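*Asks:* Attaching a single structure in structure tokens format; questions to follow.
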Amino acid sequence: MLAEALALSAVLFAIGVIGVLTRRNAIIIFMCVELMLNAVNLSFVALSTLYGASGQVFVVFTMTVAAAEAAVGLAIIIAIFRHVKTVNLQNINLLKG
Amino acid sequence: MTFDLANPSQLMQALGPDLLLIVGAMALMLWAAWRPESDEHQRAVGVASLALIVATIGLTIWYAARGLSSGPGIIAVDNFRWAANIVCLLGAFGAIALGLEYNVRERIRPAESHVLVLFATAGMMMLAAARDLMIVFLGVELMSVAVYVLAGLNRRSNKAAEGSLKYFLLGAFATAFLLYGIALIFGSTGSTNLTEIGQRIVEGNYVAHPMALVGTALLLIGFGFKVAAAPFHMWAPDVYEGAPTPITAFMATAVKAAAFTTFIRVWLEALPGMGEAWFAPVWWLAAVAMFVGNTVALSQRNLKRLLAYSSIAHSGYLLVAVATGTLAGSAAFLFYIVAYTLASFGAFAVVIAVGSEGDGNNELSDYEGLWHVRPGLAAAMSVFMLSLMGFPIFGGVGFFGKWYLLMAAIEAPRPLTTLAVVLVLTSVISAGYYLNVVRVMFMKARPEGAITPVRAGPLTRGVVFATAVVILVLGLVPSRVIGWSRASIPRAPVAQTASADLPK
Amino acid sequence: MMNPAMTFEGAHPLAATIARLVWLLPLLPLLGFLINGALAMLGAAKIGPADPSEGHHSEGHGNGHGGVHGHEHDDAHDHADHGHPPRHKFAGIVSLVGPGVLVAAFLLASAIFFAMRGVEMEHPYVLTLFSWMPVGDLNLNATILLDPLSMTMVMVVTGVGMLIHIFSVGYMQDDPGYPRYFAYLNLFVFFMLILVLGGSYPLLFVGWEGVGLCSYLLIGFWFSEKANADAGKKAFIVNRIGDFGFLVAMFLMFANLGTLDILGVADKAKDLPMGGAVATAIALFLFLGCTGKSAQIPLYTWLPDAMAGPTPVSALIHAATMVTAGVYLVARASGVFSMAPVAQLTVAAVGALTAFFAATIGLKQWDIKKVLAYSTVSQLGYMFVGVGVGAYVAGIFHLATHAFFKALLFLGSGSVIYAMHKAYHATHNHDDAQDMRNMGGLRHHMPITFCLMWIATLAIAGIPLFSGFFSKDEILAAVFARTHGSTLAEASLLGIPGSTVLFIVYGLGLVSALMTAIYMTRMMLYTFHGPNRTGEAERPHLAEAPWVMTGPLVVLGILAAFGGWLNVPALLGAIGPVGGLEHWLEPVVGENALRTTLGEAAHLSHSTELVLVGTAIAIAVAGIAFAVWRLKPAALVAKKDAPAAEGIARVLENKYFVDEGYDAAIVQPTVAVSRNVLWKGFDAGVIDGLFVNGSALLARAFGWMGSQLQTGHLGTYAWVLLIGVLTILGAFTYR
Amino acid sequence: MTAFLSSINYNAWIVPALLLLPAIGALGIGAHALLTAKDPAEKRWREVRILAFAFFMVEALLSLGLWWSIDPAASGWQALVDLPWIPQWGVRFTVGLDGIAMVLVLLTTLLMPLAVLGSWTSIRTKPHAYYANLLVLTVGMLGAFVSLDLVLFYVMWEIGLVPMYLIIGIWGGERRLYAAIKFFVYTMIGSLLMLVAILYLGSEASRVGGAPNFSYDFILNNVRLDPTTTLWLFGAFALAFAVKVPMFPFHTWLPDAHVEAPTAGSVILAAIMLKMGTFGFIRFALPLFPEAAMNPAVRTFVIVLAVVGIVYGALVAMVQPDFKKLVAYSSVSHLGFVMLGIFALTTESMQGALVVNVAHGISTGALFLLVGMIYERRHTRMIEDYGGIAKVVPIFATILTIVSLSSIGVPGTNGFIGEFLVLVGSFKTQPVAAVIAATAVIFAAAYLLWALQRIIYNSLSKPENEGIKDLNWREIGLLVPLVAAIIWIGVYPKPLLEKTEPAARRLVTYVEASVGKTPVTASNTAR
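Protein chains in written order, with my numbering: chain A, 4 to 100; chain B, 22 to 525; chain C, 861 to 1595; chain D, 25 to 551.
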């Protein structure tokens, strides 16, 4: 049972990574990152069956942190939107070289 | 006096300085939000936060003086932690001090900018104290989130917003890897406490264990990103250029110092058993970081981006300390980070002093013939450049920093002589751009149209000359700091028998 | 520095006599140099303003003239003209100091000479002045070595030198650089005395290069003319090539014999294997030095160009003293040479070849000084034949007699040129005052010079009773005597057995004697006999030079005539003391000479000796007769409308194009290679271009690539990050 | 004299004093700059000149005592001062002298005032920084000659870099930027490799001796390494010194640095800084790694480089249009002699090398001063712009001739003594190299006389040359001591040779004795 759960979380993690690489919209990229975080939560929960409750405690921590991060992240995305009227990362490349 | 961390009140005492800072920061945040935005308010909050930092430094020094230690638990109580705290607090102090005048010039009115710095510093102190991967994760997140916002502080510049967006997205992306690494390490060893992990890896000979291997790799990737080492450095130049200069200085020094502190503690306490696995990658990571950081810096025209690449190169040098995997390496790291922080802060302070409103005047061409107009600033800048390059006497303590690193590398059980040669040769490349700054300032005539930079505020000039003087003085008599950094090395919890070999 | 720590050879008989003051000999000319040099500097110098850059030489042609060059007309050859410029303000003092110092030196030398004659000397008188280079086991002291050989040279140098100094007072009186001239001349005598009196080879080398330096300064005395400066530089550099040989010889001596003292080397050389590699190498390298200094093949090209200097200089340096230094060195190092028959054969062969080669060129030269220059090269060849075959006394004897008549010839030609200049000067004619085609029939205008020149010509041609005859004949006899029964005969040079080589040398000697007679008579005929070609207007101005110049000529004339008296051969015992010089030099070179002739003195049967003398006289007379018969001075035409020579004449006139050959074969390729291959190609191209700037460029290129990768798009960053992740994961898993 | 010196305990404080005085001087000039910020530039310029000159004169006079107080025959270090600097790393401030170091220290202290006098009128912009740089440079150079602790030596070695970099870069000619950075990076690559080697030695010493230790004597006596490591370390040290000497392939920085540096800069660079390289070989590379130095392959390689440097330098000098570059390449040739002398390893050749060191310093220093003086008047360094100026500036021409002759090595001048000893000495062990090197005697005459002729002789054809003013009293006063030294060493070199003889002999015997031997006992080691 554990192996399948870990495999699933690994697959989810990979999907998240591919999402970040291929998509161009900032919000979708952020959602993919959240997906990766939740994949890790899944593996934590799976592992806690082996080593007792401390894994699940960790999940609670990651969830709260993810929430805080989401709040701040979206605020940043709104700030960038106010400037360039778009969240498409293709034309956000002022800083380069 | 040894803290028994199982007992909550003792745990609270062990976290004394951290708590003082966090509680103070929250109080200040309320006060900041209470009054409408204005320059005076922002200055008042700034001064208050400086006072808070000084108090925390005082408490930390008092804690360090008492020679405390702790039993096994989620946090560590040793000189390494207090030393790292002091470095981060000094970084914060510098950032806020520069920020006070910089914000007025750039019309950044929100007083919360100083409070955010305090929160980031709280995160750093947590990282320094962390002896549990959970605390590491929390510290990293607390610090990063605060710094994501700080990077985008200047609402009116779209560069800042773009910088903070990139920092946020890539930061989150990398933290996911870190977290996944923690999960796998937890999966393979069954615990998140560094000492337990260390024991289990050594006993169970986990070096061949696939999950532990992948876990260590992911941890390395996570930390690699946080310290902006080479393959993971792409975000750094843009974020450093976009962020307000005091915050860039803060990111280049304090954030990097904290990240390395936890990196080294994890590597020394949890993963020495995995040495076989991570030695080559860390070796190559250091070499690539040094090479990429120094060569790309050669082609930079904007001074902030140049200093960004220089900080990437310095991450490479510090990775050499990690690669040694010895306690002497960690002492060398501490000494080097002090020298590096002084020099970087000085350099950024000069960038602020020379820069004009709207982050103008940061191009190398604006520095031509600066010596004829601002001899003091030019001389200070050349001291910082030579210190970053590691030049003796004129570069003061920078030289001894590199010296200590090289000595630790050569005297490591597995001598890194070739890496030392790589370090030395890449620092010759670094001479190319560091000296270029000096050359432009001293050897070129002041172009006619160039406007003489307006006289910087007292605090900025204070930071510039204070750091320059300290660098030069330490350059002559470094033994004080050497003794101090050799004493503050991570020490295993007291319960265990003292096994760590004494660093030379 | 001269007087402290002088250790007297207590036991030496000479120590008590005036010879004790021998260190004063070189000191006197040095004082002369210092005084004259100071006067020259005082006259010329004008101290510049405190701040050199202000008043940035605004006035182009302002009063910036130093006193040195008076008014700006630098004539090609040797005589300031355009009316009488004011003589140099210190001319009076310099005329006293310059020659005065030489007279004093000559008197002291004579005193020492007579002191030496009065004392029986077994070993030379060595006077240590101070410790020069006390290094490791080198331990070199500055010592003076006084023995009959060096005494002879000192007498020649100071005697002839004195006469030439006196002559120069007249000759150079109107020259603005008068004090500078005498300063250099005195410095030359100082270095020449160091050369002949030096007790160790490095000290000798100091004198050796010192005279080279002075000849550089004096040849290029009228430096404002590029040709003169070039001639000076050429002389110095060619001498330096010779000095390279001398240096290597000294290294060999030090490495193999462990000492550099002349006496030390002499007695250590004895136990070297006869004809061994070491002795031969040392001797050959020493001879390389001599070819440079004494203008033998292949390094003779500088001597004819050295005629660009004032004529008294040519007389003193390029006839009497400096060029004979090579002969003196071979005589002094006779210990080594006698141990190396192959080297001796080489010296003799080269000497003979040079004698013959230079004589042929002398036949077709038009410039009177060039004729004399090639004649000197030829006569030097003779001397080297002498010392080469081990007849050191004959070589030195010819050196002495040659000094007398060649100095006379040069000074005579100096008077002629002086007169020609005065004439051309009067009529503002810019014709060549040294070309024989513009002279002719001067015997009516300059009778004294005419007679004295004839004496010298007869002497050099080898007419009996004149000095040349005795010395030249003795050399030829010595060569003939050694063709059998001597170490030379057994040795072989490049496969040719020694005796054949000596026969060839003897043959060449005879032929060159013949040619010498011819070209000397040719010179006399074209200069003094036949119709005058100088020109109607100039003729009245041709007159005898003032007494100050003709006086020394007379003295030299006497010496040239009766010089033979010094070393009368046994054959003509009647005339004077038999073998005077032979006896005088015996203690120095006697033993080494005997070694070459296998123990007993080389002797010729009475009849062969008579035959040899006969042939020599016949040759001399035939030469003169041939010249008188063949050459028609009347047919000559002035230089400006003389037809260009072709065929053999042209080749000889242009001295076999040897100079152009050297230039093309050695000088130009070296300059071209160093400029294009070494400097531009390797230095700037390879080291700088490739490595230094190249590596800087490489670093910058990497940097540029890195910054291009930084596109600003988050996608690229994420990709790079992922590549990093994958590499590290790979590194961890596939260890 | 020695009694007076020992009465004031001269040896105890002289070396630190010599190092400290220029540092104080630099600070003094800095203070002067701040105090007189308001005064007119002209007045400040005149004052700071005199102040700087005063400091250098005091330094020179102070150092003269060394001639008597240092007894060259004594085997231990003279004027030894040993203070702890960084106890944790075993780095100590140990300074001391022996015969060789004393001569080079005197060369430095006596030449500096002349160099300052040489640029008396030519340096007008930012004089304070200029003279402060010169003073700091002196500290660096002296430090390198006297330090007996590897770290101290490295620090002093690097101190010399920045001031010279600034002097070339700020007050130099047109291509000064390129020349300055090239000089800096060239030297830095070499010295950083030396840093790694020093560290390696330090770690070996701490392994052998327990506590970390960088003292020269300790490492000399106790550190024995396996042949391959010795070769690597010798290579690192040798590269750093070879760049500085400069030896053949690493010399391309020298012509640029010399041509672009101001007069005083190129005088110091030629006369003293190049000697730090040769001194490094004598003090560090040879004694610390005798096996590597005696290893036939290495030795022949270095000697081949030296001889190639001699001939190459002379040949390339011949074709230089720029007189200063010509002198620079002649320095490459002269210092090739020094390297040949050192690696021939006989007492005579070592002594010769030391004499060439001093002689080259004086002759080339004087040559650069002269070039500087004529440059101040005509503002061109190209040889063909001159011609026939002996008529216009006789004093200059005479002195230039004398100095050129000493550079060619005509006997009676210092050049001859040095070159003769090197060649005589090296002939015994390296005959072929000595003979090839001897050909440089011809090339030297060729290139220098050819240049001399094109400058002072030939016809005075160009009108600009006629207005040149001759040397003034300051310049003559500056050159007379140098010419006197040239003649003195040429005619009576005994006192100079006696000073360096014992140290040279000890070095040669030590290097030869320790080939393939067990660790040499403490008693008979050389310093």
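Cβ coordinates follow ideal geometry from the N, Cα and C atoms, glycine included.
Computed from a predicted model, the values in this text were never measured in an experiment.
#1: Within a Cβ cutoff of 7 Å, which residues of the same chain sit near residue 1512 (chain C), ignoring the five residues on either side of it in sequence?
#2: What do you get for residue 1304 (chain C), buried or exposed, if any count of 16 or more other CB atoms within 10 angstroms of its CB means buried?
#3: Out of C:1517, C:1114, C:1493 and C:911, which one is the CA nearest neighbour of residue 450 (chain D)?
#4: Short of 9 Å Cβ to Cβ, which residues in the region 978-1009 of chain C face chain D?
#5: Counting only beta-carbon separations shorter than 8 Å, does residue 525 (chain D) have a partner in chain C?
#6: Residue ranges of each alpha helix (DSSP H) run of no fewer than 4 residues wholly in the region 240-301 of chain D, ordered along the chain?
#7: State the CB to CB distance for the pair residue 293 (chain D) and residue 275 (chain D), rounded to an integer number of angstroms; the pair is presumed to be in contact (CB under 8 Å).
#8: Is there at least one Cβ from chain C nearer than 8 Å to residue 97 (chain A)'s Cβ?
#9: At which residues does the alpha helix (DSSP H) containing residue 957 (chain C) begin and terminate?
#10: Is there at least one Cβ from chain A nearer than 8 Å to residue 1589 (chain C)'s Cβ?
#11: What residue from D:67, D:210 and D:355 has the CA that sits closest to residue 1555 (chain C)'s CA?
#12: Contact between the region 305-325 of chain B and the region 356-365 of chain B is defined here as three or more beta-carbon pairs at a separation below 8 Å; is this criterion met?
#13: Sort D:128, D:153 and D:158 by Cα distance to residue 142 (chain D) and report the nearest one.
#14: Cβ of residue 1109 (chain C) within 8 Å of Cβ of residue 1200 (chain C)?
#15: I think residue 46 (chain B) touches residue 151 (chain B), with their Cβ atoms under 8 Å apart; what is that distance to the nearest whole Å?
#16: Would you tell me roughly how many angstroms separate the C-alpha atoms of residue 86 (chain A) and residue 186 (chain B), rounded to the nearest one?
#17: So who's on the other strand from residue 153 (chain B), going by DSSP bridges?
#18: Along the region 162-190 of chain D, where does the CB come closer than 8 Å to a CB of chain C? Name the residues.
#19: Return the chain-ordered ranges of every alpha helix (DSSP H) run that is complete within the region 163-248 of chain D and spans a minimum of 4 residues.
#20: Report all residues from its chain with a CB closer than 6 Å to the CB of residue 1067 (chain C); omit the five preceding and five following residues, and keep chain order.
#21: Taking all protein chains shown into account, decide if residue 434 (chain B) is buried (16 or more other Cβ within 10 angstroms of its Cβ) or exposed.
#22: Name the DSSP beta bridge partners of residue 111 (chain D), please?
#23: Does the CB of residue 194 (chain B) have a neighbour CB from chain C at under 8 Å?
#24: Using the Cα positions of residue 136 (chain D) and residue 430 (chain D), report the straight-line distance between them to the nearest angstrom.
#25: Determine, using beta carbons only, whether residue 192 (chain D) comes closer than 8 Å to chain C.
#26: Taking any Cβ of chain B, which residues in the region 204-228 of chain D have a Cβ under 9 Å from it, in chain order?
#27: Can you list, in chain order, the stretches of the alpha helix (DSSP H) that have 4 or more residues and sit fully within the region 345-428 of chain B?
#28: Please list, in chain order, the residues of the region 38-51 of chain A that have any C-beta partner in chain B closer than 8 Å.
#29: With burial defined as no fewer than 16 other Cβ atoms inside 10 Å of the residue's Cβ, what is the status of residue 501 (chain D): buried or exposed?
#30: Pull up the distance between the alpha-carbon of residue 117 (chain D) and that of residue 23 (chain A), whole angstroms please.
#31: In three-state DSSP terms, what is residue 1581 (chain C)?
#32: With C-beta atoms as the reference, is residue 281 (chain B) less than 8 Å away from residue 116 (chain B)?
#33: For residue 1245 (chain C), count neighbouring Cβ atoms within 10 angstroms of its own Cβ and tell me buried if that reaches 16, exposed if not.
*Replies:* Looking at the coordinates:
#1: Working through the third sequence from its first residue, we reach residue 1512 (chain C) at position 652. Annotation for residue 1512 (chain C): 1220, 1221, 1223 and 1224 place their beta carbon closer than 7 Å to its own, counting only its chain and skipping 5 residues before and after.
#2: In the third sequence, counting from the first residue as 1, residue 1304 (chain C) sits at position 444. Label assigned to residue 1304 (chain C): exposed.
#3: Here residue 450 (chain D) is taken as the residue at index 426 of the fourth sequence, counted from 1. The candidate whose alpha carbon is nearest that of residue 450 (chain D) is C:1114.
#4: Residues of the region 978-1009 of chain C with a C-beta less than 9 Å from any C-beta of chain D: 990, 991, 992, 993, 994, 995, 996, 997, 998 and 1002, listed in chain order.
#5: Counting from 1 along the fourth sequence, the entry for residue 525 (chain D) is found at position 501. For residue 525 (chain D), the answer is yes, since a Cβ of chain C falls inside 8 Å of its Cβ.
#6: Entirely contained in the region 240-301 of chain D, the alpha helix (DSSP H) runs reaching 4 residues are, in chain order, 240-246, 251-268, 277-284 and 287-292.
#7: As a working mapping, residue 293 (chain D) is identified with position 269 in the fourth sequence. As a working mapping, residue 275 (chain D) is identified with position 251 in the fourth sequence. Wrong, their Cβ atoms sit about 13 Å apart, outside the cutoff.
#8: Working through the first sequence from its first residue, we reach residue 97 (chain A) at position 94. Cβ-Cβ to chain C under 8 Å: yes for residue 97 (chain A).
#9: On the third sequence, residue 957 (chain C) is found 97 positions in, with the first residue counted as 1. For residue 957 (chain C), the enclosing alpha helix (DSSP H) starts and ends at 951-977.
#10: For the purposes of this step, residue 1589 (chain C) is identified with residue 729 of the third sequence, where counting begins at 1. No - not a single Cβ of chain A is within 8 Å of the one on residue 1589 (chain C).
#11: Here residue 1555 (chain C) corresponds to residue number 695 of the third sequence, with the count starting at 1. Just measuring C-alpha positions, the residue of D:67, D:210 and D:355 sitting nearest residue 1555 (chain C) is D:210.
#12: The region 305-325 of chain B and the region 356-365 of chain B do not touch, with fewer than 3 CB-CB distances between them shorter than 8 Å.
#13: Within the fourth sequence, the letter at position 118 stands for residue 142 (chain D). Taking residue 142 (chain D) as reference, the option from D:128, D:153 and D:158 with the minimal CA-CA separation is D:158.
#14: In the third sequence, counting from the first residue as 1, residue 1109 (chain C) sits at position 249. In the third sequence, counting from the first residue as 1, residue 1200 (chain C) sits at position 340. No, the pair does not count as a contact, with Cβ atoms beyond the cut-off.
#15: Your numbering for residue 46 (chain B) matches position 25 in the second sequence. Your numbering for residue 151 (chain B) matches position 130 in the second sequence. Between residue 151 (chain B) and residue 46 (chain B) the Cβ distance is about 19 Å, and since that is not below 8 Å, they are no contact.
#16: Within the first sequence, numbered from 1, the residue matching residue 86 (chain A) stands at position 83. Within the second sequence, numbered from 1, the residue matching residue 186 (chain B) stands at position 165. Here the C-alpha atom of residue 86 (chain A) lies approximately 12 Å from the C-alpha atom of residue 186 (chain B).
#17: Sequence index remark: in the second sequence, residue 153 (chain B) carries index 132 (1-based). Residue 153 (chain B) pairs with B:214.
#18: For the region 162-190 of chain D, which is checked against every Cβ of chain C, not one residue is closer than 8 Å.
#19: As far as the region 163-248 of chain D is concerned, its whole alpha helix (DSSP H) runs of at least 4 residues are 174-183, 185-195, 200-233 and 240-246.
#20: Counting from one through the third sequence, the residue named residue 1067 (chain C) turns up at place 207. Residues 1051, 1054, 1055 and 1058 of the same chain have their beta carbon placed closer than 6 Å to that of residue 1067 (chain C), with the five preceding and five following residues left out of the count.
#21: As a first step, residue 434 (chain B) must be located in the second sequence, where it is residue number 413. When all chains shown are included, residue 434 (chain B) counts as exposed.
#22: Here residue 111 (chain D) refers to the residue found at position 87 when the fourth sequence is read from its first residue. BP columns for residue 111 (chain D) are empty, so no partner.
#23: As a first step, residue 194 (chain B) must be located in the second sequence, where it is residue number 173. Interface residue, yes.
#24: Along the fourth sequence, one-based indexing puts residue 136 (chain D) at 112. Along the fourth sequence, one-based indexing puts residue 430 (chain D) at 406. Residue 136 (chain D) and residue 430 (chain D): Cα-Cα distance of roughly 21 Å.
#25: Within the fourth sequence, numbered from 1, the residue matching residue 192 (chain D) stands at position 168. Answer no: the Cβ-Cβ gap between residue 192 (chain D) and chain C never drops below 8 Å.
#26: For the region 204-228 of chain D, which is checked against every Cβ of chain B, the residues closer than 9 Å are 204, 205, 208, 209, 212, 213, 216, 217, 219, 220, 223, 224, 226 and 227.
#27: Secondary structure within the region 345-428 of chain B: the alpha helix (DSSP H) runs of 4 or more consecutive residues, fully enclosed, are 348-375, 391-394 and 396-410 (chain order).
#28: Answer set for the region 38-51 of chain A: 39, 40, 42, 43, 46, 47 and 50.
#29: Taking the first residue of the fourth sequence as 1, we reach residue 501 (chain D) at position 477. Classification of residue 501 (chain D): exposed, given that the 10 Å Cβ count is below 16.
#30: As a working note, residue 117 (chain D) is residue 93 in the fourth sequence. As a working note, residue 23 (chain A) is residue 20 in the first sequence. If I take the Cα positions, the gap works out to 58 Å.
#31: Numbered from its first residue, the third sequence carries residue 1581 (chain C) at position 721. If DSSP states are grouped into helix, strand and coil, residue 1581 (chain C) belongs with the helices.
#32: Counted from its first residue, the second sequence places residue 281 (chain B) at position 260. Counted from its first residue, the second sequence places residue 116 (chain B) at position 95. Between residue 281 (chain B) and residue 116 (chain B), the C-beta gap is not smaller than 8 Å, which leaves the two residues out of contact.
#33: If you number the third sequence from 1, residue 1245 (chain C) lands on position 385. Counting of Cβ neighbours within 10 angstroms places residue 1245 (chain C) among the buried residues, the total reaching 16 or more.
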